[in-house]
Amino acid sequence: MASAGLSRSTSARISYRSVSVNSPRISGYTQRKWMVPGTFFNALVLSFFLFSLILVLGCIIYLYWFRYLARGGSGVVSEFSGSAEGCDVFEGNWVLDDSYPLYNSSVCPFVERGFNCLANGRKDTDYLRWRWKPWRCDMPRFDAHEILERLRGKRIVFVGDSMSRTQWESLICLLMTAVEDPHSVFEVNGNKISKTIQFLGVQFSSFNFTVEFFRSVFLVQQVLPPRHSPKRVKMSLKLDKMDDINRRWVDSDILIFNSGHWWTPAKLFDMGCYFQVGGSVKLGMSITSAFRMALETWASWVEFSINANKTHVFFRTFEPSHWSGSGQKACEVTTRPTLEAKGNHRSEFSDIIAEVVANMSVPVTVLNVTLMGAYRSDAHIGTWSHPASILDCSHWCLPGVPDAWNELVFASLYGHGWR
Ligand SMILES: *[C@@H]1O[C@H](CO)[C@@H](O)[C@H](O)[C@H]1NC(C)=O
Ligand SMILES: *[C@@H]1O[C@H](CO)[C@@H](O)[C@H](O)[C@H]1NC(C)=O
Ligand SMILES: *[C@@H]1O[C@H](CO)[C@@H](O)[C@H](O)[C@H]1NC(C)=O
Ligand SMILES: *[C@@H]1O[C@H](CO)[C@@H](O)[C@H](O)[C@H]1NC(C)=O
Ligand SMILES: *[C@@H]1O[C@H](CO)[C@@H](O)[C@H](O)[C@H]1NC(C)=O
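Per the numbering used here, residue 36 is the first one in the sequence shown, and the count goes up by one each step.
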């Protein structure tokens, strides 16, 4: 396992400093001064130096010992926390790890062609080998065998846009690495993956569980506008009504949402879609106010319809894209992650999600993945899309970033004493 240390972790920083103390040039210089025959002052300096050295070494030994123990036992898991106390798993960096990727997308029938960059001609392969490393803890490794066992009899449901579909594909592939007979895993209606399909349900028949995807890009109802609306209003989004298919999300064990990428003027107003509250169309309403209102509708729905004793609810934050150039039309995929968060890593949508969830009376885990994606200018689809004419600096290659979202989901479940 090679750590590329994009941004150095605390322990690495400490050991780096101790190395420079012992480095030949510096120690030669200091030794010469200390060779001057012993005054009391020199002895004092010497003992102070020795004391500091022991302290630093002690810290290093403690840190490594602690981390070693944590990695071996269940200590890692109990450290999980999405909050400021303990370890914020969403703050960290990507480190090179030769045990990645966790699956081969060419042998997983559930990676859609458009996300399989290798199959679409990408030649560099470093982008496949990055593992997400929180600064103050390690993520538990994704143990497909164990997770398959734990999922027996359960339903995992993803709801949202194409980013949720990618995560759905990623999870199926991660789990399939531990399934003996690939034919025992199938889409329940025999459907193929497409961009517009409303429902996909994959059954792991040997383990009696399903991983489902519902396309609901706004989470609320999109309908024909009320009569006598202005002519430009072709559709409306009912901000106070959940998407019709919500009943099928209820009886799940793990329920993971996202929304945000369709809340743009181009996908709304330019298509003649406006917002509606009650019976009236709100022509002047801003997209962010509308998004907040839709999320509050979602929050009430969760509180009213979801049995928190059974269902673990997650909401994933907005994904940064890495479009560049004039008019944000260019897409230059790098070969390595960037050292600094690039792209639109501050997202008002992510902030709204956090604010709405913070105000809820049932537990919902925010998967705050916006920042971690912002480093990954190397992980987008770019020109390795399908059909090849599409340039894509929004979606991610598989294997890739969405695998880390799934690792975070299970890290969180384990951290919360998942049964
Ligand atoms: C993935 O599987 C394909 C088909 O079996 C194989 O040709 C390819 O070498 C594999 N790729 C990796 C990275 O293992
Ligand atoms: C499969 O799981 C369901 C719960 O989702 C359960 O009712 C059913 O009995 C299970 N079937 C088998 C064969 O274990
Ligand atoms: C959930 O569990 C709590 C405590 O065990 C119990 O009081 C409550 O009635 C349960 N709620 C539902 C909806 O089952
Ligand atoms: C998400 O994480 C980033 C980096 O840790 C932090 O700055 C931001 O406030 C977090 N946002 C939410 C919604 O928790
Ligand atoms: C939280 O909820 C209360 C009452 O339900 C509401 O008055 C308040 O505006 C909410 N705050 C946020 C940040 O949504």
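Backbone N, C-alpha and C define an ideal beta-carbon position, used for all residues, glycine too. All figures in this text were calculated on a predicted structure; none of them were measured in a lab.
Collapsed DSSP secondary structure at residue i in the structure displayed
| i | result |
| --- | --- |
| residue 15 | Because residue 15 is not part of the residues shown, which for the chain are 36 to 454, the question remains open. |
| residue 436 | helix |
| residue 263 | coil |
| residue 472 | What the structure shows of the chain is the stretch from 36 to 454, and residue 472 is not part of that stretch, so it cannot be assessed. |
| residue 417 | strand |
| residue 208 | helix |
| residue 123 | strand |
| residue 351 | strand |
| residue 446 | helix |
| residue 400 | strand |
| residue 392 | helix |
| residue 334 | helix |
| residue 423 | coil |
| residue 376 | coil |
| residue 112 | Any reading at residue 112 must be qualified, since the residue scores a pLDDT of 34, below 50, and its modelled position is unreliable; the value itself is stated next. Note: residue 112 maps to helix in three-state DSSP. |
| residue 156 | coil |
| residue 495 | In the structure displayed, the chain extends from 36 to 454; residue 495 sits before or after that span and is not available. |
| residue 386 | helix |
| residue 148 | helix |
| residue 299 | coil |
| residue 180 | helix |
One or two residues paired with residue i in a DSSP bridge
| i | result |
| --- | --- |
| residue 128 | 168 |
| residue 273 | 256, 311 |
| residue 237 | 222, 246 |
| residue 341 | None, per the DSSP bridge assignment. |
| residue 456 | Absent from the model: residue 456. The displayed extent of the chain is 36 to 454, so no value can be given. |
| residue 231 | Residue 231 pairs with nothing; no bridge assigned. |
| residue 408 | BP columns for residue 408 are empty, so no partner. |
| residue 292 | 194, 350 |
| residue 365 | 359 |
| residue 189 | Looking at the DSSP assignment, residue 189 forms no beta bridge with any residue, so it has no partner. |
| residue 317 | 310 |
Whether residue i touches residue j by CB criterion (8 Å)
| i | j | result |
| --- | --- | --- |
| residue 352 | residue 413 | no |
| residue 135 | residue 165 | yes |
| residue 239 | residue 220 | yes |
| residue 415 | residue 366 | yes |
| residue 177 | residue 442 | yes |
| residue 129 | residue 410 | yes |
| residue 292 | residue 444 | no |
| residue 345 | residue 288 | yes |
| residue 433 | residue 146 | yes |
| residue 192 | residue 330 | no |
| residue 201 | residue 431 | yes |
| residue 286 | residue 190 | yes |
| residue 139 | residue 421 | no |
7 Å Cβ shell around residue i - same chain, five flanking residues per side excluded
| i | result |
| --- | --- |
| residue 398 | 343 |
| residue 280 | 249, 251 |
| residue 273 | 255, 256, 258, 311 |
| residue 182 | 210, 445 |
| residue 401 | 117, 350, 352, 388, 389, 392 |
Cβ neighbours of residue i in the same chain (closer than 6 Å, five flanking residues each side left out)
| i | result |
| --- | --- |
| residue 125 | 403 |
| residue 333 | 254 |
| residue 174 | 442, 446 |
| residue 373 | 410, 412 |
| residue 162 | 413, 414 |
| residue 234 | 249 |
Residue i: CB within 7 Å of a non-hydrogen atom of ligand 6
| i | result |
| --- | --- |
| residue 243 | Ligands displayed in this structure: ligand 1, ligand 2, ligand 3, ligand 4 and ligand 5; ligand 6 is not among them. |
Sequence-distant residues of its chain with Cβ nearer than 8 Å to residue i (five each side left out)
| i | result |
| --- | --- |
| residue 160 | 153 |
| residue 336 | 277, 281 |
| residue 72 | Note that residue 72 scores a pLDDT of 47, beneath 50, so its modelled location is shaky and nothing firm can be said. |
| residue 316 | 260, 261, 264, 265, 268, 271, 309, 310 |
Open item on the list: With three or more C-beta pairs closer than 8 Å as the rule, is the region 218-236 touching the region 291-307?
Closed with: no
- [ ] Check whether the region 195-213 touches the region 267-280, taking contact to mean three or more Cβ pairs, one atom from each stretch, closer than 8 Å.
- [x] no
Task: the region 200-208 touching the region 140-156, judged by at least three CB pairs closer than 8 Å - done: yes
Open item on the list: With a threshold of 8 Å, are at least 3 pairs of Cβ atoms found where one atom belongs to the region 421-439 and the other to the region 379-391?
Closed with: no
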